[in-house]
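Add 1 to the 1-based position in the sequence shown for the working numbering, that's all there is to it. Think of the CB as a built atom: it goes at the ideal place given N, C-alpha and C, for glycine as much as any other residue.
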Amino acid sequence: MQNRAYNQGHHVTQGSMTMPKQNIEALTDFGKRLMTLRKTTGYTQVELAKELGVTQRMISYYKGHSEYPPSSLLPSLAELLGVSTDELLGVKAVKRSKKPDTRLQRRMQQIEKMPTRERRQIMPLLDTFIEREQLKQR
Numbered sequence: 002m003q004n005r006a007y008n009q010g011h012h013v014t015q016g017s018m019t020m021p022k023q024n025i026e027a028l029t030d031f032g033k034r035l036m037t038l039r040k041t042t043g044y045t046q047v048e049l050a051k052e053l054g055v056t057q058r059m060i061s062y063y064k065g066h067s068e069y070p071p072s073s074l075l076p077s078l079a080e081l082l083g084v085s086t087d088e089l090l091g092v093k094a095v096k097r098s099k100k101p102d103t104r105l106q107r108r109m110q111q112i113e114k115m116p117t118r119e120r121r122q123i124m125p126l127l128d129t130f131i132e133r134e135q136l137k138q139r
């Protein structure tokens, strides 16, 4: 089979096509990038899957360098991980910035949704930890 524009870079062996090495490496890099970004933002695979509306198994599948997620998931995934889709796909280098802990932010949002009585019980505990940290810094 002759290489044409639509299959350049692919290798044909007895009628089957194989993916070029650079594309396989890009998938591996995507899996590593996904795992790193997920851990950096404080998500577990289960939490990330729940936020995206997919199964944990799918997150593990993408992490395991099998393939990219569907394009419909990329914007949501990038937003949850705090990067652009270009950064997520490796088109641009990921910019490391000091961002607030998204896991902590999610917990605070959950606390805000609790009944007032339960929030009042949590506040003294939070105050104790904050005061203790302030004393350490003196």
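Query	Result
Does Lys-137 come out as helix, strand or coil in the three-state DSSP assignment?	helix
Three or more beta-carbon pairs under 8 Å between the segment 27-46 and the segment 86-94, yes or no?	yes
Does DSSP classify Glu-68 as helix, strand or coil?	coil
Looking only at its own chain, which residues have a Cβ that is under 6 Å from the Cβ of Leu-81, when we skip the five neighbours before and after it?	Glu-52
What first and last residue would you give for the alpha helix (DSSP H) that runs through Pro-76?	75-82
In whole angstroms, what separates the C-alpha of Leu-75 from that of Thr-86?	6 Å
Can you give me the C-alpha to C-alpha distance between Thr-103 and Leu-49, rounded to a whole angstrom?	12 Å
Taking the continuous alpha helix (DSSP H) assigned at Lys-51, which residues delimit it?	46-53
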